[in-house]
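Since the structure comes first, as structure tokens, the remarks are kept for the end.
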Amino acid sequence: MSLDYPFTELPLAGQRFKVAEGVFWLRFPLPFALDHINLWLLEDTHGWVILDTGLGVRRSREIWQQLLAEQLDGKPVTRVIVTHYHPDHLGMAGWLEQHCGVPVTMSHGEWQLADSICTASDAQTIERFKAFLASHGLLGDDLNKVAGKGNGFRRVVMPLPKSPDFIGEGDLLLINGEPWQVYIGRGHSPEHLCLYREKDHVLLSGDQVLPTISSNLMVRPTEPEANPVMAFVDSLTVIRDALPKDTLVLPAHGLPFRGLHARINALVDHHSQQLEQVLVACGQQPHNAHDMLPVMFKRELDVQQMMFAMGESIAHLNCLLEQGKVQREERNGIWYFAA
1 MSLDYPFTEL PLAGQRFKVA EGVFWLRFPL PFALDHINLW LLEDTHGWVI LDTGLGVRRS
61 REIWQQLLAE QLDGKPVTRV IVTHYHPDHL GMAGWLEQHC GVPVTMSHGE WQLADSICTA
121 SDAQTIERFK AFLASHGLLG DDLNKVAGKG NGFRRVVMPL PKSPDFIGEG DLLLINGEPW
181 QVYIGRGHSP EHLCLYREKD HVLLSGDQVL PTISSNLMVR PTEPEANPVM AFVDSLTVIR
241 DALPKDTLVL PAHGLPFRGL HARINALVDH HSQQLEQVLV ACGQQPHNAH DMLPVMFKRE
301 LDVQQMMFAM GESIAHLNCL LEQGKVQREE RNGIWYFAA
């Protein structure tokens, strides 16, 4: 797979970088192995639209204060759009809503999930994740480290927007008089917004299409039977078939690129290969999701990565179960899967 990267110079924190007509790239730091997020400024008729907002922490607020003061040409923010509920995208939306006095726009499914997560107490969050992950084979110190931190989501969303405007599949957003078509991605999150401008083939893809990694596909305790793998693949296929090959993809992580069809085909192939590896392992002997981690991940996993990896392992087992390729049996409170 060969992708074309038209921009290799990274914008500095607090500065904008033009990538298309009326579209500017912002880059905020993240305190994780994935150390940055790309946010986007869109010129509007009477000001600026912000797409995604950064993690809800003090450093993000400081960068936004600098940007709002120095990078908007004296024009106001007119709207904040959030692609999906994850805190690096949603985290500063409520602060921007209050600070700028503007509406926040997102999909209804993302808002519902964010609201439900934020209302759970630390004790409820720990109990849910411990019960769920233990039922898939994560036990002992690893379980306590992964599930024992409480509601970390709420601590990096400052605060939730009060009453967002909702948009969904097929809607059009007019920004600076130009229509942006809404496509919905699934799997990584319930109703992930992607925005496409037909005029010059620009796609704001969020986490749905990334240039070098696959988005995490995680089963949550509140939907233990979910199949995010097929949801992800199916929604990617819709985007691939609807948009042209020369689309400029503006992702939430990594560099802007061209090569949308090739990248989506590679992502689909990646998950097909992962499913095949998991199926082969389940054909050798019954496995739980924790057993499957060294099959799917060939590296050391830290605490945060362990949480994501367990969710991804369960997701691929659930996919095979829904396809009828494995069966599931409970032994001593743990689910085992066999081909």
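full-length UniProt numbering puts the first residue of the sequence shown at 1, with every later residue one more than the last. A virtual CB, placed ideally from N, CA and C, is assigned to each residue, including glycine. All of these numbers come straight from a predicted model, not from anything done at the bench.
Return yes when the Cβ of residue j is within less than 8 Å of the Cβ of residue i, no when it is not.
| i | j | result |
| --- | --- | --- |
| Val229 | Leu217 | yes |
| Pro87 | Phe7 | no |
| Val80 | Val104 | yes |
| Phe166 | Ser214 | no |
| Phe28 | Gly54 | yes |
| Arg263 | Val209 | yes |
| Gly206 | Asp4 | no |
| His316 | Leu275 | yes |
| Lys18 | Trp48 | no |
| Leu173 | Leu195 | yes |
Grab the span of the alpha helix (DSSP H) containing residue i for me, first residue to last.
| i | result |
| --- | --- |
| Arg240 | Pro228 to Ala242 |
| Ile50 | From DSSP, Ile50 is part of no alpha helix (DSSP H) but of the beta strand (DSSP E) over Gly47 to Leu51. |
| Asp44 | Counting along the chain, Asp44 falls outside any alpha helix (DSSP H), though it belongs to the beta strand (DSSP E) covering His36 to Asp44. |
| Gln285 | From DSSP, Gln285 is part of no alpha helix (DSSP H); its letter is neither H nor E. |
| His99 | Ala93 to Cys100 |
Give the single residue among the options whose Cα lies nearest to the Cα of residue i.
| i | options | result |
| --- | --- | --- |
| Gln98 | Asp269, Arg61, Arg155 and Cys118 | Arg61 |
| Trp64 | Phe32, Ala114 and Leu12 | Leu12 |
| Asp44 | Ala315, Asp200, Arg58 and Leu72 | Leu72 |
| Pro294 | Asp246, Gln304, Val303 and Gln277 | Gln277 |
| Trp95 | Phe129, Arg58, Trp335 and Gly283 | Arg58 |
| Leu30 | Ser189, Gly254, Lys18 and Leu67 | Gly254 |
| Pro286 | Leu204, Ala242, Trp335 and Gly140 | Trp335 |
| Leu260 | Gln284, Ser272 and Arg240 | Arg240 |
| Glu329 | Asp115, Lys298, Glu300 and Cys282 | Cys282 |
| Lys130 | Lys245, Met310 and Glu322 | Met310 |
| Phe132 | Val233, Gln305, Met296 and Thr222 | Thr222 |
| His46 | Asn176, Gly148 and Pro159 | Asn176 |
Which of the three DSSP states is assigned to residue i in this structure?
| i | result |
| --- | --- |
| Lys18 | strand |
| Arg220 | coil |
| Ala13 | coil |
| Met106 | strand |
| Leu279 | helix |
| Phe308 | helix |
| Glu330 | strand |
| Pro294 | helix |
| Asp302 | coil |
| Ala266 | helix |
| Leu320 | helix |
In terms of residue numbering, what span does the beta strand (DSSP E) encompassing residue i cover?
| i | result |
| --- | --- |
| Leu248 | Leu248 to Pro251 |
| Leu210 | Per DSSP, Leu210 belongs to no beta strand (DSSP E) and is neither H nor E. |
| Leu26 | Val23 to Pro29 |
Taking 8 Å as the CB-CB limit, is residue i close to chain C?
| i | result |
| --- | --- |
| Glu225 | Protein chain content of the structure displayed is limited to a single chain, and chain C is not contained in it. |
Kindly provide the ranges of any alpha helix (DSSP H) runs that are 4 or more residues long and lie completely inside the segment 114-199, ordered along the chain.
-> 122-134, 140-147 and 152-155
Hey, which unbroken runs of the beta strand (DSSP E) at 3 residues or more fall wholly within the segment 61-90?
-> 77-81
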